[in-house]
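Take the sequence shown: its letters are residues 1 to 432, numbered as in the working numbering.
Worksheet for the structure shown next.
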Amino acid sequence: MSQTDRSNGLDGFQAANIAAEAGRLCSVVYRSRAVSALSDFDLYRLVQVAQARNATESITGLMLYDDGRFYQWLEGPVESVARIMRLIRSDRRHTDIEILSDKPTAVRQFGDWKMRLATRGVRSIHSGHNVVVPSSLELEDIRAHPEHAPAVLAGFSSIVGTPPVLEPLSNGPLKGPAGALLKDIIVTAVLPEMVARRAAVERTTPWPIDQRARALADLLVGADNSAALELLHTLQDSEGAIRHLYETLLEPTARRLGDLWGADLCSELDVSLGLGHLQRAIRVLNEEVLQPTIPKGVYLPAVLIVPEPGEVHMLSSVLDSDALQNAGWDPLMEFPDSDEALQDLMADSWFDALDLSLSPSFRREAWLPRVTKTIALARHASRNPALVVVVGGRIFAEDSHAGAQVGADAFTPTALATGKVIEKGIAARTRK
Ligand SMILES: Cc1cc2nc3c(=O)[nH]c(=O)nc-3n(C[C@H](O)[C@H](O)[C@H](O)COP(=O)(O)O)c2cc1C
Numbered sequence: 001m002s003q004t005d006r007s008n009g010l011d012g013f014q015a016a017n018i019a020a021e022a023g024r025l026c027s028v029v030y031r032s033r034a035v036s037a038l039s040d041f042d043l044y045r046l047v048q049v050a051q052a053r054n055a056t057e058s059i060t061g062l063m064l065y066d067d068g069r070f071y072q073w074l075e076g077p078v079e080s081v082a083r084i085m086r087l088i089r090s091d092r093r094h095t096d097i098e099i100l101s102d103k104p105t106a107v108r109q110f111g112d113w114k115m116r117l118a119t120r121g122v123r124s125i126h127s128g129h130n131v132v133v134p135s136s137l138e139l140e141d142i143r144a145h146p147e148h149a150p151a152v153l154a155g156f157s158s159i160v161g162t163p164p165v166l167e168p169l170s171n172g173p174l175k176g177p178a179g180a181l182l183k184d185i186i187v188t189a190v191l192p193e194m195v196a197r198r199a200a201v202e203r204t205t206p207w208p209i210d211q212r213a214r215a216l217a218d219l220l221v222g223a224d225n226s227a228a229l230e231l232l233h234t235l236q237d238s239e240g241a242i243r244h245l246y247e248t249l250l251e252p253t254a255r256r257l258g259d260l261w262g263a264d265l266c267s268e269l270d271v272s273l274g275l276g277h278l279q280r281a282i283r284v285l286n287e288e289v290l291q292p293t294i295p296k297g298v299y300l301p302a303v304l305i306v307p308e309p310g311e312v313h314m315l316s317s318v319l320d321s322d323a324l325q326n327a328g329w330d331p332l333m334e335f336p337d338s339d340e341a342l343q344d345l346m347a348d349s350w351f352d353a354l355d356l357s358l359s360p361s362f363r364r365e366a367w368l369p370r371v372t373k374t375i376a377l378a379r380h381a382s383r384n385p386a387l388v389v390v391v392g393g394r395i396f397a398e399d400s401h402a403g404a405q406v407g408a409d410a411f412t413p414t415a416l417a418t419g420k421v422i423e424k425g426i427a428a429r430t431r432k
């Protein structure tokens, strides 16, 4: 491309590239405190205005808002950044501006993100605007160590490529809040995370999320199996894709459903419906998995998988069962409706391990004494005096002490770890 071509009809971003070549780019990262809490709409408006202005100034970056704090990464031509920073400094919606990093840069970290918003929770108003959803770990990290903010914000840029403009989502066969909710989650929260992880792992071309996001959302909330299978074939294009789905899609989606409920953004019924749809998605996924052949003579532990009696959310059990089956094990999954029914199961057959789970969505802290009792009764009724008890579900994944508190031998932080955790538990018992 000749110099003349470049000077004709440049848009802001092409101009910015030229500035980069000339080495006049800089990046500024700051944090500040909101004067009063921003509603979803306030935040949406703020970002919209910022994006429009930034486009004219060739500014790119990311703004994170959480718990009354702003963290913003701005990058672009030095004079433009200075101009926008002046506006930002005099904005009365925030105060206590602290510069965390201010330096010249040769390349943009955020490609052509005019100013992407990162915020927790799934805010329906932002749906379709490609909100980046930070993890609680990332949020805790920058709250405790603001100096880490530049690195954490830069990490979000691994969601590479042009932010896709999402078309309005089509209505899947499931209408109503559960359908809308799941679509919202998949599009705004889960898929960007999947893409980020894949990008981090593979560092290849960006995954085109818009098409697949819509298709996957439809899979989860709809009943169109042919579309679902087509999508799953694409997802399975790399070895271990199913594993990615467990870790990056199903369990986080379940937790997010619980967060939405916690934030009063959906009903308990929505959560249950959403979990049901995830379960259906797993069925489809597993039809595609080739069961490994276990050589004859290899001893596989006998495992009973049950949700805590009274637990209506079965997804943790289903995921654990599928993870074990995919590893060639043959677990038995049951749904005892009382401690007595579980005791009968324990007394009827020999089990090396009991896998007991609580909701993947709700924390259920108040249930811990109840789980303690269930485990004690199950051990008492078990034919195997060295029964290994592993627990799963949101509370155990988030609080590493909860497992010991209820008298379990171990907890499964994710369904994928179930086999390993059980094997370790059995090995530890055998050594005793
Ligand atoms: C935390 C925070 C971040 C902001 N980021 C930007 C930004 O990146 N770009 C921008 O133009 N305005 C940003 N603004 C808004 C500006 O302060 C200002 O309101 C906006 O540029 C409109 O200015 P105008 O009323 O002079 O057109 C931000 C405001 C706040 C509170």
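The C-beta atom is built at its ideal place from N, Cα and C for all residues, glycine as well.
Item	Value
K114 - DSSP class collapsed to helix/strand/coil	coil
Classification of A37 by the beta-carbon crowding that lies within 10 angstroms, buried from 16 upward	exposed
8 Å CB neighbourhood of H148 in its chain, flanking five on each side removed	D141 and I142
Every unbroken beta strand (DSSP E) within the segment 39 to 74, with a cutoff of 3 residues, ordered by chain	60 to 66
A149 CB to nearest heavy atom of ligand 1 below 7 Å	no
Between the CA atoms of I88 and R120 - distance to the nearest angstrom	22 Å
For I305, the nearest candidate out of Q279, L342 and V271 (CA to CA)	L342
N- and C-terminal bounds of the alpha helix (DSSP H) containing E147	Looking at the DSSP string, E147 is not in any alpha helix (DSSP H), and its letter there is neither H nor E.
Under 8 Å between C-beta atoms of V132 and A118	yes
Cα-Cα separation, F396 to Q72	34 Å
Heavy atom of ligand 1 within 7 Å of D259 beta-carbon	no
Range covered by the beta strand (DSSP E) that runs through L324	Element bounds for L324: not the beta strand (DSSP E) but the alpha helix (DSSP H), L315 to N326.
Whether T60 touches F110 by CB criterion (8 Å)	yes
Beta-ladder partner(s) of F411, from DSSP	V391
F396 Cβ short of 7 Å to ligand 1 heavy atom set	no
C-alpha distance - E334 paired with D344, whole-angstrom precision	12 Å
Other residues of its chain near L100: CB distance less than 7 Å, five sequence neighbours each side excluded	V29, Y30, R31, P146, E147, A149 and P150
DSSP state of S101 mapped onto helix, strand, coil	strand
Cβ pair count under 8 Å reaching 3, the segment 354 to 366 against the segment 307 to 316	yes
Euclidean distance between Cα positions of A254 and D91	38 Å
beta-carbon A254 near ligand 1 non-hydrogen atom, thresh 7 Å	no
Ordered list of alpha helix (DSSP H) runs contained in the segment 355 to 391, each at least 4 residues	368 to 381
R31, enclosing alpha helix (DSSP H) - first and last residue	Careful: R31 lies outside any alpha helix (DSSP H), inside the beta strand (DSSP E) at L25 to A34.
Boundaries (first-last residue) of the alpha helix (DSSP H) holding V132	Segment: none, V132 is in no alpha helix (DSSP H) and carries neither H nor E.
DSSP state of D96 mapped onto helix, strand, coil	strand
Integer Cβ distance of I375 from V388, believed to fall under 8 Å	So it is not a contact: roughly 11 Å between Cβ atoms.
Alpha carbon of E365 to alpha carbon of L356, nearest angstrom	15 Å
Classification of T414 by the beta-carbon crowding that lies within 10 angstroms, buried from 16 upward	buried
Classification of K420 by the beta-carbon crowding that lies within 10 angstroms, buried from 16 upward	exposed
Heavy atom of ligand 1 within 7 Å of A154 beta-carbon	no
Contact set for D409: own chain, Cβ-Cβ below 7 Å, skip 5 residues either direction	V388, V389, V390 and G425
Nearest-angstrom Cβ-Cβ length linking A347 and A302, presumed shorter than 8 Å	Rounded, the Cβ-Cβ distance is 14 Å, inconsistent with contact.
Cβ shell of D66 (< 6 Å), same chain only, five flanking positions each side left out	R120 and L139
Contact test: H313 Cβ vs ligand 3 heavy atom, cutoff 7 Å	Questions concerning ligand 3 fall outside what the structure shown contains, since the ligands it does hold are ligand 1.
As assigned by DSSP and simplified to three states, the class of A450	As displayed, the chain neither begins before 1 nor continues past 432, which places residue 450 out of reach and without an answer.
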